[in-house]
Amino acid sequence: MQYVPNFLFVVILVIGIGFFTRNIFRLRRNILLGKDVDVSDNRSQRWANMTRIALGQTKMVVRPIPGILHIIVYLGFIIINLEVLEIIIDGIFGTHRVFAGLGGLYDFLIASFEILALLVIVSVTIFWIRRNIIRLKRFFKPEMKGWPKMDGNLILYIELVLMLLFLTMNAADFQLQQLGADHYVQAGSFPVSKYISALFADMSISNLILLERVTWWMHIVGILFFLNYLYYSKHLHILLAFPNTFYGKLTPKGQFKNLESVTNEVKLMMDPSADPFAAPAEDASEPEKFGASDVTDLNWVQLLNAYSCTECGRCTSECPANLTGKKLSPRKIMMDTRDRLEEVGKIMDKNKGEFKEDGKQLLDDYITREELWACTSCNACVEACPVSIDPLSIIMDMRQYLVMEQSAAPSDLNNMMGNIENNGAPWPFNQMDRLNWSKES
Amino acid sequence: MASELNVPTMAEMFASGQKPEVLFWVGCAGSFDDRAKKITKAFVKILNQANVSFAVLGTEESCTGDPAKRAGNEFLFQMQAVTNIEVMNAYEVKKVVTACPHCFNTLKNEYPGLGGNYEVVHHTQFLKQLLEEGRITMEGGSYKGKRITYHDPCYLGRANNVYEAPRDLIRKLDAELVEMKSCKQRGLCCGAGGAQMFKEPEKGDKDINVERTEQALETKPEIIAAGCPFCNTMMTDGVKSKEKEASIAVLDIAELIANAQDL
Ligand code: HEM
Ligand code: SF4
Ligand code: SF4
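As they're listed, the protein sequences go chains A and B. Each residue of the first sequence is one higher than the last, beginning at 196 in my numbering. Each residue of the second sequence is one higher than the last, beginning at 5 in my numbering.
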């Protein structure tokens, strides 16, 4: 009977990590449904960007209040989780505070975890107030109803509960150490939880042990639950922010990629030696689809973008179209892409890994044409995103589909394009008059 | 009245065996739009004054394809690009200057992949260089002490990180440069980009240029400076919608400099 807790712990750990691994594989498969894109260039600059933007949080502090609060939560969470290593070893081997032997260093570590935990509690509370009491506008756009709204709050509750469990566990432990209970070695320094432990002054040793054990277990189970919650949440960003900033765009923001398939066709058309009436070569593959109408037409970096989105709405709050009441919201573009990709992934799960048409697509069923045509391509969203997401590239790919596959541009734009084609200018002026200005007074 | 403009074309220059220092890419707005033509002329006056050896393509110039590309018509864009590149390469163009940030962005970033490799600068960068080389001199004159706010064109600022050249020029006019609440990296679009210039806006509760003009008006400017013919139109319309056109002028940086020099 003595080893039951160890056994139970290992089972829970394996299940927790097992599910997490399954989700990571599913995530990887879904992202790789995107088209291939070569991002093997400029590795040193990519490492530098990741270090600066994700690790260094440089773009977070453009807005200082959420930026600083986030740095506390981010650092706090990473550092406090060093403690998880000890918890796992203790859980497997039935030890208690196995690193206690570190002595002074251990005291220092525990003390800093406690102070960070307190700071995280304060920050998370302020985050909650901003969402629910101050009700910042960017958290209340139409795309933030339902699950996204609940998700935003749930994350804060979970982090709060985990921190409270951690501190309560330490408080009970500290009290047990004071009472000289068996198994509870004198170790650690408890600058925060010693105040909590005052609440437990009248408790018996057995009740304290019960409290310590319950909080210990809830804390680790909570962490494993949280790990598995990530896949379903915007909180996935805590992992994906790193690869996403690594693979972020390096060229000037104004540079949109030139479609290679079009280049080939244009070259053929401009080549005087090409025979326009030649029968297509036997092995000619099916002509490539231009632009994107569904998630599988996007490239995998764009799909990684979608899973990395924190739904913070910094992009939307800087978008000129959204600011003036248009339906377009770059955050919604990213959320729709993720939702549709999830839907495609679920269909594949049901059909042994094969996709079966479901009569739906990203265009129209998720993102409307009205949204796409409202974009000014101003790059404000790209600049605003703290995790290097590029919503504009998705908008442009979808416009390409509308125009080149469907000839479905708004009529004003068709006129403009007709003018360019015929007169070399977006207005109906004759190219031969292009220099007239130089003779007008 | 200032003297006649001297606007040589590439064809003329080439025929007489000359090669200009720089090609001035006028762009569609600069060639045809009544308001933008004034900017073109102001810039040429400065070029003439500074004795810059330049030429234009004239009737051989065609739309860069920017609005087609941003509207999603990659095909039309590349047709335009390849045609223009053929012309420019035939003239062995090395350096291009343009007063339109959209042309600037497209020529600089999107043409190289299609065989058009040139050093491309925006006219504010070019003017700043002329100033540094002492080829033009600037004294504030009529703009001394005036409150000027500068609107960052998206395709110059965020798209290509050019924020300081236009501002340096304004400061050189001895004017008081005042910044709007959103400026530089966070500058708000005027509403024209991405082919919006050529269509009606989607349904909303305000026009983007009005929103941006309101931000400009908050700085209580005497002049709103711009560096893009499309921004210029949008801001001019915005100022009109606020019935402020009598007290607030919308001017391009080139116009500011030409006026200051009494050209
Ligand atoms: C262990 C690591 C991390 C933790 C625990 C964490 C935690 C959080 C939490 C709790 C929020 C929600 C804030 C709110 O309710 O408003 C949040 C938002 C956010 N996080 Fe993280 N995060 C982590 C890593 C990162 C990284 C590496 C980045 C990359 C820059 C990042 C970028 C963001 C952004 C952009 C938001 C939205 C903030 C806003 O509203 O302005 N996070 N994060
Ligand atoms: S690029 Fe388009 S979506 Fe992004 S902020 Fe500008 S208008 Fe909005
Ligand atoms: S795209 Fe970037 S800025 Fe926009 S909501 Fe997502 S994380 Fe925030």
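We treat Cβ as the ideally placed atom computed from N, Cα and C, and that holds for glycine. Only a predicted model underlies this, so the values are computations on that prediction, with no experimental measurement involved.
Counting only beta-carbon atoms, is Leu111 of chain B nearer than 8 Å to chain A? Chain A contact via Cβ: absent.
Just to make sure I have the definition right: I need the residues of chain B whose C-beta is within less than 7 Å of the C-beta of Val457 of chain A. Which are they? Residues of chain B whose Cβ lies closer than 7 Å to the Cβ of Val457 of chain A are, in chain order, Glu78, Phe79 and Gln82.
Where does Val387 of chain A sit, in a helix, a strand or coil, going by DSSP? Coil, per DSSP.
Which one of A:Gly540, A:Gly417, A:Asp585 and A:Leu567 has the shortest CA to CA distance from Leu445 of chain A? Closest option to Leu445 of chain A, Cα to Cα, is A:Asp585.
Name the residues in the region 185–197 of chain B whose C-beta lies less than 9 Å from a C-beta of chain D; which are they? Protein chains in the displayed structure are A and B, and chain D is not among them.
Considering Arg564 of chain A, what are the terminal residues of the alpha helix (DSSP H) in which it resides? DSSP places Arg564 of chain A in the uninterrupted alpha helix (DSSP H) bounded by Arg564 to Trp568.
If the cut-off is 9 Å on Cβ atoms, which residues from the region 206–232 of chain B count as contacting chain A, listed in chain order? The residues in question are Glu206, Lys207, Gly208, Asp209, Lys210, Asp211, Ile212, Val214, Glu215 and Arg216.
By DSSP's criteria, Trp29 of chain B is part of a beta bridge. Which residues make up the other side? For Trp29 of chain B, which the question treats as bridged, DSSP gives the partners B:Thr102.
For Val598 of chain A, return the contacting residues in chain B, with the cut-off set at a CB-CB distance below 7 Å. Going along chain B in sequence order, the residues near Val598 of chain A (Cβ under 7 Å) are Ala75, Gly76 and Asn77.
Given that Cys104 of chain B touches chain A, what residues does it touch there, using C-beta distances under 9 Å? Result: empty, since nearest Cβ-Cβ is about 12 Å, beyond 9 Å.
Between the CA atoms of Thr13 of chain B and Ser633 of chain A - distance to the nearest angstrom: Spanning the two alpha carbons is a distance of roughly 11 Å.
Is Asn253 of chain B helix, strand or coil when you go by DSSP? At residue 253 of chain B the sequence reads Ala, which differs from the Asn that was named. Reduced to three states, the DSSP call for Ala253 of chain B is strand.
Return the chain-ordered ranges of every alpha helix (DSSP H) run that is complete within the region 475–539 of chain A and spans a minimum of 4 residues. Within the region 475–539 of chain A, the complete alpha helix (DSSP H) runs of at least 4 residues fall at 495–503, 509–513 and 515–518.
Taking 7 Å as the line, does the beta carbon of Gly417 of chain A fall inside it for any heavy atom of ligand 1? With a threshold of 7 Å, the Cβ atom of Gly417 of chain A does not count as near ligand 1, since no heavy atom of the ligand is closer than that.
Closest by CA to Val214 of chain B, which one among A:Val356, A:Tyr442 and A:Leu518? Answer by Cα proximity: A:Leu518.
Helix, strand or coil: how does DSSP classify Phe58 of chain B here? The DSSP-derived three-state label of Phe58 of chain B is strand.
Residues bridged to Ile310 of chain A (per DSSP): The secondary-structure analysis by DSSP pairs Ile310 of chain A with nothing; it has no beta-bridge partner.
Nearest to Ile380 of chain A by alpha carbon, out of A:Val387, A:Pro386 and A:Gln372? Per the sequence shown, the amino acid found at residue 380 of chain A is Val instead of Ile. Ranking the options by Cα distance to Val380 of chain A, first place goes to A:Gln372.
Within the same chain, show all residues whose beta-carbon is closer than 8 Å to that of Ala396 of chain A, passing over the 5 residues directly before and after it, in chain order. Within the same chain, Ala396 of chain A has close Cβ partners Gln370.
What residues in its chain sit with their C-beta under 7 Å from that of Thr440 of chain A, if we drop five residues either side in the sequence? Around Thr440 of chain A: Asn244, Met245, Ile248, Ala249, Val582 and Ser583.
How many whole angstroms separate the CB atoms of Ile228 of chain B and Met238 of chain B, which I take to be in contact at a CB cut-off of 8 Å? Your pair Ile228 of chain B and Met238 of chain B does not check out as a contact, with CB atoms roughly 11 Å apart and the cut at 8 Å.
List the endpoints of the continuous beta strand (DSSP E) containing Leu181 of chain B. Element bounds for Leu181 of chain B: Glu180 to Val182.
Should Lys244 of chain B be labelled buried (16 or more other beta-carbon atoms within 10 Å of its own) or exposed? Answer is exposed; the Cβ neighbour count stays below 16.
If I'm right that Asp302 of chain A touches Gly383 of chain A with Cβ under 8 Å, what's the distance once you round it to whole angstroms? So it is a contact: roughly 6 Å between Cβ atoms.
Candidates A:Phe550, A:Leu419 and A:Pro605: which alpha carbon is nearest Ile212 of chain A's? If we check each option's Cα against that of Ile212 of chain A, A:Leu419 comes out closest.
Using the beta-carbon of each residue, find all residues closer than 6 Å to any heavy atom of ligand 3 and list them in chain order. For ligand 3, the residues with a Cβ under 6 Å from any of its heavy atoms are, in chain order, A:Cys504, A:Thr505, A:Glu506, A:Cys507, A:Gly508, A:Arg509, A:Cys510, A:Pro525, A:Arg526, A:Met529, A:Ala579, A:Cys580, A:Val582, A:Ile584 and A:Pro586.
N-terminal and C-terminal residue of the beta strand (DSSP E) that Ile227 of chain B is part of: Element bounds for Ile227 of chain B: Ile227 to Ala230.
Would you kindly work out how many angstroms separate the C-alpha atoms of Met92 of chain B and Gly69 of chain B, rounded to a whole number? Spanning the two alpha carbons is a distance of roughly 15 Å.
Spatial neighbours of Leu374 of chain A within its chain, please: C-beta separation below 8 Å, excluding the five flanking residues on both sides. The beta carbon of Leu374 of chain A is closer than 8 Å to those of Ile400 and Leu403 in its chain, skipping five residues each way along the sequence.
Which runs of the alpha helix (DSSP H) fall wholly inside the region 548–598 of chain A and span at least 4 residues, in chain order? Every alpha helix (DSSP H) of 4 residues or more that sits fully in the region 548–598 of chain A is shown, in chain order, as 564–568, 575–579 and 586–595.
Per-residue contacts from Ala19 of chain B into chain A (C-beta, under 7 Å): Within chain A, no residue comes near Ala19 of chain B; the closest Cβ sits about 16 Å away, beyond 7 Å.
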